[in-house]
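Below is one structure, written out as structure tokens; comments come after it.
Numbering (the working numbering), first residue to last: -16 to 152.
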């Protein structure tokens, strides 16, 4: 009788843990969806605001930098050299998507800015072309292309095509 008395609370605890374990993925998915939607709306609003701001700078020279490796170093080097003679801004760190580039434009682009050096990265084909439509680079710098991103792009040819979207734009 004593064994039966102590087994019920353990069974209840086990059932509760099992219930929580089954319910947890649904709860996490719900909250991710709940928070993701407002974040997407905010990012779109910020990108639209950045687009308006950069379009008002008619004389701004935009330099786009992309490739498999060396994007950040090339961007920093270009910005450093040009900053000796011009008012230059550049994307910071790995801010190489629409969201990061928008943040740079909104925070750094001033009326006296002459050159914007933007690092551009992609995780799917068409993303570099979309970034080019967004910031309209007049000069494109393509660093080395290698097989580092093959897991994302399936093969080296897709990587090459994606990076050449900068050249084609």
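C-beta: ideal position from N, C-alpha, C; glycine also.
### Query
Beta carbon of residue 140: closer than 7 Å to some heavy atom of the ligand FMN?
Absence of the ligand FMN is noted for the structure shown, with no ligands found whatsoever.
### Message
Am I right that residue 99 and residue 45 are in contact with their C-beta atoms under 8 Å? What's the rounded C-beta distance?
### Response
Numbered from its first residue, the chain shown carries residue 99 at position 116. Numbered from its first residue, the chain shown carries residue 45 at position 62. Right, their Cβ atoms sit about 5 Å apart.
### Task
Please report how far the alpha carbon of residue 153 lies from the alpha carbon of residue 10, in whole angstroms.
With the chain covering -16 to 152 only, the question about residue 153 has no answer from this structure.
### Message
Are the CB atoms of residue 57 and residue 96 within a distance shorter than 8 Å?
### Response
Indexing the chain shown from 1 puts residue 96 at position 113. Indexing the chain shown from 1 puts residue 57 at position 74. No. Outside cutoff.
### Query
residue 99 lies in the beta strand (DSSP E); which residues open and close that run?
In the chain shown, the residue the question calls residue 99 occupies position 116. First-last of the beta strand (DSSP E) with residue 99: 98 to 102.
### Query
Of the residues 85, 17, 116, 110, which one's Cα is nearest the Cα of residue 36?
Taking the chain shown and counting its residues from 1, the one referred to as residue 36 is at position 53. Comparing Cα-Cα distances from residue 36 to each of 85, 17, 116, 110, the minimum goes to 85.
### Query
Hey, out of 130, 27, 42, whose CA is closest to residue 83's CA?
By 1-based counting over the chain shown, the position of residue 83 is 100. Of the candidates 130, 27, 42, the one whose C-alpha sits nearest the C-alpha of residue 83 is 27.
### Task
With DSSP as the reference, label residue 54 as helix, strand or coil.
The residue you call residue 54 lines up with position 71 of the chain shown. Shown here, residue 54 sits in a helix according to DSSP, grouped into three states.
### Message
One question on the structure: do residue 105 and residue 120 come within less than 8 Å of each other, judged by their Cβ atoms?
### Response
Stepping through the chain shown from its first residue, residue 105 is reached at position 122. Stepping through the chain shown from its first residue, residue 120 is reached at position 137. Taking C-beta atoms as the reference points, residue 105 and residue 120 fail to come closer than 8 Å.
### Assigned exposure category for residue 129 - 16 Cβ within 10 Å defines buried
Taking the chain shown and counting its residues from 1, one reaches residue 129 at position 146. Exposed, by the Cβ-count rule.
### Task
To the nearest angstrom, report how far apart residue 53 and residue 126 are at their CA atoms.
By 1-based counting over the chain shown, the position of residue 53 is 70. By 1-based counting over the chain shown, the position of residue 126 is 143. For residue 53 and residue 126, the distance between alpha carbons rounds to 6 Å.
### Task
Write down every uninterrupted run of the alpha helix (DSSP H) in the segment 7 to 80 whose length is 4 residues or greater and which is fully enclosed by it, in chain order.
54 to 65
### Message
For the beta strand (DSSP E) containing residue 135, name the first residue and the last one.
### Response
One-based indexing of the chain shown puts residue 135 at position 152. No beta strand (DSSP E) holds residue 135; the alpha helix (DSSP H) holding it covers 133 to 136.
#### Entry: Rounded C-alpha distance that separates residue 48 from residue 39
As a working mapping, residue 48 is identified with position 65 in the chain shown. As a working mapping, residue 39 is identified with position 56 in the chain shown. So the alpha carbons of these two residues sit roughly 22 Å apart.
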